[in-house]
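What follows is one structure encoded as C-alpha cells, with my remarks underneath.
Protein chains in written order, with my numbering: chain R, 9 to 295; chain D, 39 to 482; chain V, 15 to 347.
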C-alpha cells in the first residue's frame, strides 16, 4: 500500500481515538443529572408544544409531572385521558378524571342579525380594531371577524366563515389548548365542557348593554329579560351585567331555556329537532 | 433659509380650502351633550344634577386630581340627564345632556369686545385661573394647561414656544385665529410668559400662512420678548419636539418632556383661551372649528360651543354631500374617523373633514419592498417597517429596544409607504403592548 | 355596503407613490442606457433585452400561478426591472437559451425561493449574471465592441473590454503607458465607445438615469456616491503608489460595470440597507471589494461579486447599524 495512504489512515484513526476518549471523559464530568422518567414522559406526550397545559412546551410539562405529588391541576388537553393515563402508569400516580373541553364562540352576530353600520378599512387584525373602534356594528362586545383566533389556532381547528363573518370551531380537531381564547381581544371565546355527540347549549351573546341598545344592535342579543333563569330547574343560568350565562357543569340539556328565550339568543347544537308543542294533560310543567 | 427640523418629514397636499374664510359664530343648538372627559387625565366629577338650570360658563364637573380639568357648560338651559354618549371612538363616555333655553351667561364673564391689555394677575393666580377655567391644550392633545404651567422643582423653563404651525392639511382654525384675534393671542402669550416667568417667547408659523406671519410680526413689535418665526412647510412641523428642534435647535431626549430642555410649548388656540380666561374671566367652552371637505357646499371656520353635535356644523356647511365616504374628526393625518354625526364637539376638536368616497378607501396591502421610505419619513428616526414586523409577531421586548414608545403616531410612515402597508396600525398595537409590558415589569 | 361610512385608523391620506410607480420610474431611468446600447450594438441588444424581460416575467408568472399558487404580482414591474437589469449584464450576442436559463435562476432561485418580492437577500439580476458567468464562461466573456448599428443578431465583432486589456497586459508584464494606446480614451468611455456588456457602456446615459432617479426620489444619493467615492479614493491611492500598473481613477470609474452597479444594482431596495449610515458603509464595502477584485483578483471586473458579497452583510448591518434616534439619551443626561 502507498505509504501516504497508510500514514493518513493511521494518523486520522489516532486523532479520532484521542478525540473520542477526551469527549467521553468531558461528557462524564459535565453530565447533568436528569430524572430518566422525564424523557419517558416526554416520549408519550403529543409534542405539539402548544402551551395548552399551561407550561412552556412538552418537556416543561413532563418535568412538572415528574416533580408533582398528584396530578391535581395537571392536564394535557391535546393528549387527553389516554396520555394522562399512560403518564400515571409510568409515574405510579393516579390519573384524575378531567372533563374534555371544547372552544365555543359566545356570539352569533351574523350580518343578517347584526347589521353593519360602517366599513372598517384598517389592518385586518382584531386587536388593532378593538383598541380603536367598537367595530363595524353597533355592538361593542361582539365578534369583529378579522380572525385573530383562527390565526392563533395551531391545530387547524378553526376557520372563518365568509357568510356569517364569524369563526367556526371544528369540534373534532379542537384540543382546547386555549390559544384562541387568549388571542381574542374581546374575550368572547370560552372553553366549555364537551358533551357526548358534541352537543352544546350556550348563550351566544356577550353584550353587556341594557336590553334596549343590545336589541337595537343585534336581533339575537341577550336582553337579560330573565325568562331563561325562571324556566331552568337546575339553577344553571345566572344573569350578570345584563347578560345571561349557562353553567355547562349544571346544565342537563333539557332545552327549556332555548324555547323560552324571546330573542333566540340561546343556541342548541347537534340535538334532534324539538318535540312539537303539544298540550299533554298529564305532564307537570315546571314554573 | 427657512428653519425646519432636519430629519424626516413628508409633504402632503395642503388643501387649505378654508384659509380665507372668516370665522363665524355657529348658532347655539337646541341641545348639547358635554362629555366629562375632554382632556388627558382623569374624567371630571359631575357636580350638578338632573333637572338643574345651568348658565353659560357655569361649572358642571370638577377636575379629579392634578392631571384633570374642569368642565363648564357651553349653554344655558336645563340638565336633561347625565348619561353616556358615543364619542369619537365609538365607545361610550359619561356626558351631561342639556336642553338649551336662551343664552344666559354667568355674570362673572366679561362679554364686552374691548381688548384688555394689562395683565394684573400674578403668575400663581394665572395658573390657578387656568385650572378654574378648564383650559387644556387646544392643539388636539388636550393636556391640562395648568399642569404645563406648574414647573416642578429641579426643572427650569427659559423659553415659551407658541405653536402656530398647523401642519395638518385642511385645518385652518389656528390660521384664522391668528389673523382675526392676533392681539388677543399675543396678550395670551404674554400671560403665559408671566405665568412661566420667562422673558422670551417664539411663535412658529408655517410659511403657507404669509398673511398671519405678517400680521403677527407687526403686532408683536408692541410686545416685549415675543418674536415670530417663519418655518418651512413640512409635516409634522407642528409636533412639539420637531418645533423645538426647528426654532431653538434643542433635542428633547427620548422619554422626556420639553421642560427638560427648558421649553414649554402651547398652541395659539390655547393662548387665546388663556387670554379669555384671565382677562375676561371666560372659561373654556367655545373654540374655533374648521368644517371642510372638497365636496362641501360651503366649508368654513366657526366658533362652536362644546357639546354641539357635528351634524350642526355639517348643516352650516351646506349639508352632508352624497358622495361622502369618510368623516374625520381632526386632521387627515392624526384625526379619528367617525361613523356617527351626533358625536359632540369637544375641547380637542380642531376640525371636521368630509372625504369623498374615492379618497376614503385605503389601497391594497402589498409585501414590504424594503425601500426604506418609511425610515426616511420618520421625524424621530425610527424604523417603522421593523416596528410593524415586531408588533405583528409579538416580539415586544425587541420593539421596546427599538424605541417603539418614542413614536408620536404622526402617520408619516403609513402615508409614504408605496406598498400601502398599515404601518401605524401595528405600531400602535406594539406601543400599547410594550407600555403594558413595562408597567407589569415595574410592578414586580 | 357602499353607502356606509368608512372607518379606519389614521392616517386618512396617502401619498401618490406606489410600488408600481417606483419600478416604472427605474425602467424609465434605464431607457437612455437601452437606447445607447442599441445604438452601439445593434439589433442584438434589443433581442437580448426583450428575451430577458419576457422570460423573467414568464417565469415569475408560471411559478406564482402553478407552483406557489399565490396571487399574481407580475404587474408591479419588479420582474420587468430584473429582466432589464439582467440583460444589461450580458453581451449583446449571447445565445437565447443562456438568457432563458439565467432568467430562470434569477427569478426562480434568487427571488421566488426566498418568498418573492421583498424577501430575497441577494440581487436577483446579479445572481443570474454570476450563474451564467460561471456556467457559460466563454459566451459570457466574449464582449462585442461597438461597430455601428448591426442588423444581424450575431453579427457582433468581439474584442476585449478595457478592463480585460489592462488585466491581461499587466499580467504579461506590459506597463500601463504601453497599454494606454490600446484602450479607449476617457471621453470615448464616457460616451460609451468601448466593448462590454450592454449596460456597461455610455456613462452619460447612466448618469442621466441617475439624475432622473434622484429627482423623482426613487433612490437617495448615499449608496452610489459612497461606492463611486470609495473607488475613486482607493484607485487614486493605488495610482499614486504605483502608476505603472494601476490605471487612473477616472478609468476605473468609467470602465466596466461600476456605474451600472452603483446606480442601479446596489441601490435595489430589497437587498440594500435600510438607513443612511448603513448605506454608506455598504457602499464603501462595495467600492473596496470592487477595487480589490479588479487589481488583485482573478477577474477583470469585480462589481457583481462585490455587490453580492455586501448583500450578505446587509441583514447584519440592518440589525446593528441603527440611525441615531431623535433625542437619543446622552450619558451625562
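Every residue, glycine too, gets a C-beta built ideally from N, C-alpha and C.
Contact set for residue i: own chain, Cβ-Cβ below 8 Å, skip 5 residues either direction
i: residue 194 of chain R; result: 134, 138, 149, 150, 151, 152, 214
i: residue 347 of chain V; result: Low local confidence applies: a pLDDT of 38 at residue 347 of chain V is under 50, so the model's placement there is unreliable, with the coordinate-based value given in what follows. Nothing meets the Cβ criterion.
i: residue 103 of chain R; result: 79, 89, 92, 93, 95, 96
i: residue 256 of chain V; result: none
Beta-carbon spacing of residue i, residue j below 7 Å
i: residue 219 of chain D; j: residue 297 of chain D; result: no
i: residue 211 of chain R; j: residue 273 of chain R; result: yes
i: residue 184 of chain D; j: residue 323 of chain D; result: no
i: residue 124 of chain D; j: residue 130 of chain D; result: yes
i: residue 400 of chain D; j: residue 361 of chain D; result: no
i: residue 72 of chain D; j: residue 134 of chain D; result: yes
i: residue 339 of chain D; j: residue 326 of chain D; result: yes
i: residue 54 of chain D; j: residue 269 of chain D; result: no
i: residue 79 of chain D; j: residue 207 of chain D; result: no
i: residue 159 of chain V; j: residue 173 of chain V; result: yes
Candidates the options: closest to residue i by CA position
i: residue 136 of chain V; options: V:303, V:269, V:286; result: V:286
i: residue 95 of chain V; options: V:178, V:38, V:130, V:304; result: V:38
i: residue 302 of chain D; options: D:234, D:246, D:262, D:68; result: D:234
i: residue 358 of chain D; options: D:331, D:383, D:368; result: D:331
i: residue 406 of chain D; options: D:455, D:336, D:383; result: D:455
i: residue 93 of chain V; options: V:155, V:73, V:232; result: V:73
i: residue 266 of chain R; options: R:244, R:101, R:257, R:10; result: R:244
i: residue 130 of chain R; options: D:327, D:398, D:432, D:450; result: D:398
i: residue 108 of chain D; options: D:96, D:119, D:118; result: D:96
i: residue 344 of chain D; options: D:321, D:337, D:364, D:353; result: D:321
i: residue 119 of chain R; options: R:208, R:225, R:275; result: R:225
i: residue 146 of chain R; options: R:132, R:154, R:159, R:125; result: R:125
i: residue 273 of chain D; options: D:204, D:392, D:434; result: D:204
i: residue 340 of chain V; options: D:378, D:210, D:281, D:481; result: D:281
i: residue 256 of chain R; options: R:23, R:15, R:111, R:123; result: R:111
i: residue 319 of chain V; options: V:144, V:58, V:67; result: V:144
Cβ shell of residue i (< 6 Å), same chain only, five flanking positions each side left out
i: residue 78 of chain V; result: 84, 86
i: residue 276 of chain V; result: 238, 241, 242
i: residue 222 of chain R; result: 215, 229, 231
Cβ-based neighbour list, residue i, same chain, cut-off 7 Å, excluding 5 preceding and 5 following
i: residue 204 of chain R; result: none
i: residue 288 of chain R; result: Model confidence at residue 288 of chain R stands at a pLDDT of 44, short of 50, so the residue's coordinates are unreliable and nothing is read from them.
i: residue 386 of chain D; result: 76, 178, 180
i: residue 235 of chain V; result: 228
i: residue 246 of chain V; result: 263, 267
i: residue 229 of chain D; result: 157, 164, 312, 313, 316
i: residue 100 of chain D; result: 82, 83, 85, 108
Alpha-carbon to alpha-carbon, residue j and residue i
i: residue 14 of chain D; j: residue 265 of chain D; result: With chain D covering 39 to 482 only, the question about residue 14 of chain D has no answer from this structure.
i: residue 295 of chain R; j: residue 239 of chain R; result: The pLDDT assigned to residue 295 of chain R is 32, lower than 50, so where the model puts this residue is not dependable, and the model offers no usable value.
i: residue 81 of chain V; j: residue 70 of chain V; result: 16 Å
i: residue 292 of chain R; j: residue 242 of chain R; result: Note that residue 292 of chain R scores a pLDDT of 42, beneath 50, so its modelled location is shaky; the value from the coordinates is reported in the next line. Rounded to the nearest angstrom, the two C-alpha atoms are 16 Å apart.
i: residue 60 of chain D; j: residue 341 of chain D; result: 10 Å
i: residue 38 of chain R; j: residue 47 of chain R; result: 19 Å
i: residue 53 of chain R; j: residue 64 of chain R; result: 13 Å
i: residue 329 of chain V; j: residue 121 of chain V; result: 21 Å
i: residue 28 of chain V; j: residue 90 of chain V; result: 18 Å
i: residue 213 of chain D; j: residue 104 of chain V; result: 59 Å
i: residue 457 of chain D; j: residue 468 of chain D; result: 20 Å
i: residue 81 of chain D; j: residue 206 of chain R; result: 48 Å
i: residue 121 of chain D; j: residue 116 of chain R; result: 28 Å
i: residue 463 of chain D; j: residue 275 of chain D; result: 22 Å
The ligand ADP heavy atom lying under 6 Å from the CB of residue i
i: residue 249 of chain D; result: Summarising the ligand content, the structure contains no ligands, and the ligand ADP is consequently not present.
Check distances from the C-beta atoms of the region 405-417 of chain D to those of chain B and list, in chain order, the residues that come in under 8 Å. No chain B is part of this structure, whose protein chains are labelled R, D and V.
Specify whether the region 84-98 of chain R and the region 179-187 of chain R touch according to this definition: at least 3 beta carbon pairs, one from each stretch, less than 8 Å apart. Between the region 84-98 of chain R and the region 179-187 of chain R, the count of C-beta pairs closer than 8 Å reaches three or more; the two stretches touch.
Mind the definition here: the region 89-102 of chain D touches the region 41-53 of chain D only if three or more C-beta pairs lie below 8 Å; say whether that holds. These segments do not touch.
For the 8 Å Cβ check, are there 3 or more pairs between the region 426-438 of chain D and the region 44-54 of chain V? The region 426-438 of chain D is not in contact with the region 44-54 of chain V.
Three or more C-beta pairs closer than 8 Å, one from the region 410-426 of chain D and one from the region 155-173 of chain D: is that the case here? Counting C-beta pairs with one atom in each stretch, the region 410-426 of chain D and the region 155-173 of chain D have fewer than three that are closer than 8 Å, which means they do not touch.
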